[in-house]
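As structure tokens, the structure follows; a few thoughts come after it.
Numbering (the UniProt record's numbering), first residue to last: 1 to 91.
So, in structure tokens, the structure goes:
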């Protein structure tokens, strides 16, 4: 594969990793403070979107904020691994 294609896949992987880290930080008060946002801006929606398709049940089930954050972390970890494999196989 060409170097341009490899660079493209690794750029997408890095962008997904950063977006996921920011999305999970937006779901915690400490993460919001680090980002310079007020606690009123706390939301799980970006993390739920980046954790799709694994997070689909979380749109219909409310298990509480701690369990939801833990499940979103696991869902994002699964997608992170898949994205890493796609980036590595592009080489």
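Virtual Cβ for every residue (Gly too), placed ideally from N, Cα, C. Here the structure is a predicted model, which means the values were calculated and not measured.
**OP:** Ignore the nearest five residues each way along the sequence and tell me which others in residue 73's own chain have a CB closer than 7 Å to its CB.
**Re:** Position 73 of the chain shown, counted from the start, is the residue given in the question as residue 73. Excluding residues within five positions, the ones whose Cβ falls inside 7 Å are 24.
Original post:
With DSSP run on the structure shown, which of helix, strand or coil describes residue 34?
Top reply: Along the chain shown, read from residue 1 onward, the residue named residue 34 stands at position 34. Helix at residue 34.
**OP:** Taking residue 89 as part of the alpha helix (DSSP H), name the residues at either end of that continuous run.
**Re:** As a position in the chain shown, residue 89 is number 89, starting the count at 1. Where residue 89 is concerned, the enclosing alpha helix (DSSP H) stretches over 65 to 89.
**OP:** Pull up the CB-CB distance for residue 27 and residue 69, whole angstroms please, since I reckon it's below 8 Å.
**Re:** In the chain shown, counting from the first residue as 1, residue 27 sits at position 27. In the chain shown, counting from the first residue as 1, residue 69 sits at position 69. About 5 Å separates the two Cβ atoms, so the contact holds.
Original post:
Nearest to residue 57 by CA position, among 20, 41, 75 and 19, is which residue?
Top reply: Start at 1 with the first residue of the chain shown, and residue 57 comes out as number 57. Selected option, being the one with the closest Cα: 75.
Original post:
residue 61 to residue 86, Cα distance in whole Å?
Top reply: For this step, residue 61 is matched to residue 61 along the chain shown. For this step, residue 86 is matched to residue 86 along the chain shown. Rounded to whole angstroms, residue 61 to residue 86 spans 30 Å at the Cα level.
**OP:** Figure out for me which residue from 81, 88, 12 and 8 has the closest Cα to the Cα of residue 54.
**Re:** Residue 54 sits at position 54 when you count from the first residue of the chain shown. Minimum Cα distance to residue 54 is reached at 81.
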